[in-house]
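Novice: Residues 5 to 151 (my numbering) are what the sequence shown spells out, left to right. Just dropping this structure here.
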Amino acid sequence: MTARNKARAAARLAAVQALYQHDMEATPQASLLDEFHRHRLGMEIDEDQYAKAETAFFDDVVKGVIARRDEIDEILTGKLAEGWSLARLDKTMLQILRCGAWELMARADVPTGAAISEYVDVAHAFFEAREAKFVNGVLDSVAKAVR
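Given below as structure tokens:
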């Protein structure tokens, strides 16, 4: 994996974490970005070294998901199995799907397969294989609708 790919992967993971915080604590966007820039991206926290992230890409994902959340949620809702709603999803899972859907909708420069596999990798950081397959299936369905 190239340094740029690692920095993008770190940015995606951090974006999921930032959006989780935004959702749970209603942290304003400017404060959220500032906190992650100054205290998280590439820093050591509780003896865990956070990877150097591509800050501009992180900002783009976070701002994009916040700005287009209703549109993203509408697309995601249409891709869930009957009887499922976004409210039933784990809060971290929801942020992974939102980030992946936004990237598929807004970043044509990122190949479809790369975007999906990156968020499947993020899912593996939090969940078992079954949930990662769920992310793959939903994002693949989103990609067919938006690309």
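Each residue gets a CB set at the ideal place from its N, CA and C atoms; glycine is no exception.
1. Assuming contact is defined by CB atoms lying nearer than 8 Å, are L108 and V65 in contact in what I supplied?
2. Alpha helix (DSSP H) containing L143: first to last residue?
3. What do you reckon, are the CB atoms on L36 and A15 nearer than 8 Å?
4. Consult DSSP for L80 and reduce its assignment to one of helix, strand or coil.
5. Quick test of your reading: L45 and T59, contact by CB under 8 Å. State the CB separation rounded to the nearest angstrom.
6. Determine the DSSP secondary structure at E86, reduced to helix, strand or coil.
7. Specify the secondary structure class of Q116 as computed by DSSP and reduced to three states.
8. Rounded to whole angstroms, what is the Cα-Cα separation between G82 and S89?
9. For E58, which of helix, strand or coil comes out of DSSP?
10. By the 10 Å Cβ neighbour count, where 16 or more other Cβ atoms means buried, how is R102 classified, buried or exposed?
11. Please classify E132 as buried or exposed, where buried requires at least 16 other C-beta atoms within 10 Å of its C-beta.
Specialist: Looking at the atomic coordinates:
1. no
2. 133 to 150
3. no
4. helix
5. 6 Å
6. coil
7. Looking at the sequence provided, one finds Thr at residue 116 rather than Gln. If DSSP states are grouped into helix, strand and coil, T116 belongs with the helices.
8. 9 Å
9. coil
10. buried
11. exposed
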